[in-house]
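Take 2 as the starting number for the sequence shown in the numbering used here and just add one per residue. Working notes, structure below.
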Amino acid sequence: YTPGSEAGISVDLLGMLAAPPAEQLRDLEGLRGLVRDTVSGLLGLVGRATDPVRDPAHVVLSHILERAWTAGEDLDLEALITRLVDPPFEKVGVFPTDRFFPPDDRMDLAMGLNGVIASPAFAAWIQGVALDVDSMLTVGSDGRVPVSVFSIAHLPESERHFFVALLLGRVLAWSRSQPGTERLRAVVFFDEVAGYLPPHPHNPASKAPLLMLMKQARAMGLGVVLSTQNPVDVDYKALSNAGIWAIGRLRTEQDRKRLLKGLDPSLDAAVQGLGKRQFLLARAKGGHAVFSTRWAMCYLRGPFTRREISTLRPRRAPPSPTPDRPSVQAAEPSPAAIEADTPPPLEQVDQVYLDPRVAHGARLGPVLQAQSQPPRDDGRT
2 YTPGSEAGIS VDLLGMLAAP PAEQLRDLEG LRGLVRDTVS GLLGLVGRAT DPVRDPAHVV
62 LSHILERAWT AGEDLDLEAL ITRLVDPPFE KVGVFPTDRF FPPDDRMDLA MGLNGVIASP
122 AFAAWIQGVA LDVDSMLTVG SDGRVPVSVF SIAHLPESER HFFVALLLGR VLAWSRSQPG
182 TERLRAVVFF DEVAGYLPPH PHNPASKAPL LMLMKQARAM GLGVVLSTQN PVDVDYKALS
242 NAGIWAIGRL RTEQDRKRLL KGLDPSLDAA VQGLGKRQFL LARAKGGHAV FSTRWAMCYL
302 RGPFTRREIS TLRPRRAPPS PTPDRPSVQA AEPSPAAIEA DTPPPLEQVD QVYLDPRVAH
362 GARLGPVLQA QSQPPRDDGR T
């Protein structure tokens, strides 16, 4: 998925303002959390720092959105902007709406939101598939587990935070609607989380739902895996809620102290002594061990370009994820496919899969032997 771009599968922003399912509407606390995350994302899109409690803009927009959703009404950005100018309520708390958030201030915010949606670059945000978390996590009829990848490298910083806040808000609302379980239902993997979960006093729109996922989602079977090279830039509350740690080489003393403060400061020497591709595995319940990653076929080529992504997406994607749709997997496209003027259909791109259950087993012996170089005279490989 490439929100804000047609390179992959586009994501419909308007679908994010649609009323959530009935089971989520019945959870008042979860509904208000989803409203908060949605409004925070919208305000971040216009470059406005948000405070869900004290910011009049956040409070008024939240009231508008919550009233519409509890009435089962789907909103779009045009309707939201119109109601911001002329709110459908006369009071906010004990104060008149015009006193709490004056009309001129409301109009300034409305003009800012209107400028965003009027931009030609915003057209890619209002087409594509809706984010239906249930469908995206439904195992296909062939038993394959779906994997949904969201690429946001092409977006400017404000739009990245905007989309991440909306996406995580939807995932959090989905998790709240699930019964408790000790089994793993799904995993959220966030690569390079630095900047989206910063320490106090920074508070981007993505921080609140991500913190809540770290604190509560495991009880509903949703795991969260975060990856960063800058642990000092991650909020300590999130660090303290991690149950398992894989700590690589940290060269600066500041990073080591920040990370080990909540674990065990005596592990500092072990972290300093880690070699390349070595990690210190630490558990919140106690116990640690040093391990090395096994050899993997990886060319460290860097991220895909949008043109390369266009060769990987299914050419006939359905309008929205469906339960019987198998997960899409593709190998790295060949140079010929990337350079072609018209990318070939996915089924025509050469694809090779390694079954992880046997990838390092004896069944691969003949394949690897056929591709290997002759043994050295000294017997080393």
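Quick reminder that beta carbons are idealized off the backbone N, C-alpha and C, glycines included. Because the structure is a prediction, the values reported are computed rather than measured.
Please say whether residue j and residue i have beta carbons closer to each other than 8 Å?
{"i": "ARG49", "j": "ALA58", "result": "yes"}
{"i": "LYS216", "j": "ASN242", "result": "yes"}
{"i": "GLY16", "j": "GLU160", "result": "no"}
{"i": "LEU43", "j": "PRO21", "result": "no"}
{"i": "LEU26", "j": "TRP70", "result": "yes"}
{"i": "LEU214", "j": "LEU169", "result": "yes"}
{"i": "VAL130", "j": "VAL233", "result": "no"}
{"i": "PHE163", "j": "GLY45", "result": "yes"}
{"i": "SER41", "j": "THR51", "result": "yes"}
{"i": "SER178", "j": "GLU24", "result": "yes"}
{"i": "VAL47", "j": "GLY141", "result": "no"}
{"i": "ILE127", "j": "LEU14", "result": "yes"}
{"i": "GLY244", "j": "ALA285", "result": "yes"}
{"i": "GLN288", "j": "ALA174", "result": "For the record, residue 288 in the displayed sequence is Gly; it is not Gln. Not a contact, by the Cβ cut-off of 8 Å."}
Since residue i contacts residue j with CB under 8 Å, what's their CB separation in whole angstroms?
{"i": "ALA209", "j": "ASP38", "result": "6 Å"}
{"i": "LEU132", "j": "ALA187", "result": "Actually they do not touch by this definition, with Cβ atoms about 14 Å apart."}
{"i": "PHE191", "j": "SER228", "result": "7 Å"}
{"i": "GLU309", "j": "ALA125", "result": "Not confirmed; about 18 Å, so no contact."}
{"i": "LEU198", "j": "ASP236", "result": "5 Å"}
{"i": "VAL225", "j": "LEU251", "result": "Actually they do not touch by this definition, with Cβ atoms about 21 Å apart."}
{"i": "HIS155", "j": "THR312", "result": "Between THR312 and HIS155 the Cβ distance is about 16 Å, and since that is not below 8 Å, they are no contact."}
{"i": "ALA166", "j": "ALA195", "result": "No, ALA166 and ALA195 are not in contact; Cβ-Cβ is about 16 Å, not under 8 Å."}
{"i": "VAL189", "j": "VAL134", "result": "That belief does not hold up - the Cβ atoms of VAL189 and VAL134 are roughly 10 Å apart, past 8 Å."}
Tell me which residue opens and which closes the beta strand (DSSP E) that residue i is part of.
{"i": "VAL225", "result": "223-227"}
{"i": "ARG284", "result": "279-284"}
{"i": "SER293", "result": "289-293"}
{"i": "ILE245", "result": "245-248"}
Along the chain, where does the alpha helix (DSSP H) that runs through residue i open and close?
{"i": "PHE101", "result": "98-101"}
{"i": "ILE118", "result": "104-119"}
{"i": "LYS208", "result": "208-217"}
{"i": "ASP269", "result": "269-273"}
{"i": "GLN255", "result": "254-261"}
{"i": "LEU313", "result": "307-313"}
{"i": "ASP135", "result": "134-137"}
{"i": "LEU85", "result": "78-86"}
{"i": "TYR237", "result": "237-241"}
Spatial neighbours of residue i within its chain, please: C-beta separation below 7 Å, excluding the five flanking residues on both sides.
{"i": "ILE118", "result": "LEU78"}
{"i": "ASN115", "result": "ILE82"}
{"i": "ILE248", "result": "LEU260, VAL272, PHE280, LEU281, ALA283"}
{"i": "ASP256", "result": "PRO232, VAL233"}
{"i": "ALA111", "result": "ILE82, LEU85, VAL86"}
{"i": "ALA341", "result": "The predicted position of ALA341 is uncertain, since its pLDDT is 40 and thus under 50; no value can be drawn from it."}
{"i": "PHE123", "result": "VAL117"}
Against chain B, does residue i count as a neighbour if the rule is that its beta carbon must be under 8 Å from one of theirs?
{"i": "LEU211", "result": "Of the chains in the structure shown, none is chain B; there is only one protein chain."}
Residues in its own chain within less than 6 Å of residue i by CB, not counting five upstream and five downstream?
{"i": "ALA218", "result": "SER176"}
{"i": "TRP407", "result": "The first residue shown for the chain is 2 and the last is 382, placing residue 407 beyond what the model contains."}
{"i": "ALA220", "result": "GLY181"}
{"i": "THR294", "result": "ARG278"}
{"i": "LEU76", "result": "LEU18, ALA69"}
{"i": "ARG184", "result": "GLY222"}
{"i": "PRO53", "result": "ARG37, HIS59"}
{"i": "HIS201", "result": "none"}
{"i": "LEU275", "result": "ARG250"}
{"i": "LEU66", "result": "VAL36"}
{"i": "LEU211", "result": "LEU169, LEU198"}
{"i": "THR253", "result": "none"}
{"i": "PRO266", "result": "none"}
Considering only residues of the same chain and omitting the five flanking positions on each side of residue i, which have a CB-CB separation below 8 Å?
{"i": "VAL61", "result": "LEU85, PRO88, VAL93, THR98, PHE101, PHE102, ARG107"}
{"i": "ALA290", "result": "LEU281, LEU282"}
{"i": "VAL150", "result": "TYR2"}
{"i": "GLU91", "result": "PRO97, THR98"}
{"i": "VAL95", "result": "none"}
{"i": "PHE292", "result": "GLN279, PHE280, LEU282"}
{"i": "PRO304", "result": "SER152, ALA154"}
{"i": "GLU348", "result": "Low confidence applies here, because GLU348 scores a pLDDT of 48, under 50, leaving its location unreliable and the question unanswered by this model."}
For the ligand HEM, is there a heavy atom less than 7 Å away from the beta-carbon of residue i?
{"i": "ALA218", "result": "In the structure shown, the ligand HEM is absent, as is every other ligand, since no ligand is present at all."}
- Task: With a floor of 4 residues, list each alpha helix (DSSP H) that falls wholly inside the segment 151-195, ordered by position along the chain.
- Result: 158-177
- Query: Where are the alpha helix (DSSP H) runs, 4 residues long or more, that stay fully inside the segment 13-56, in chain order?
  - Reply: 23-26, 29-46
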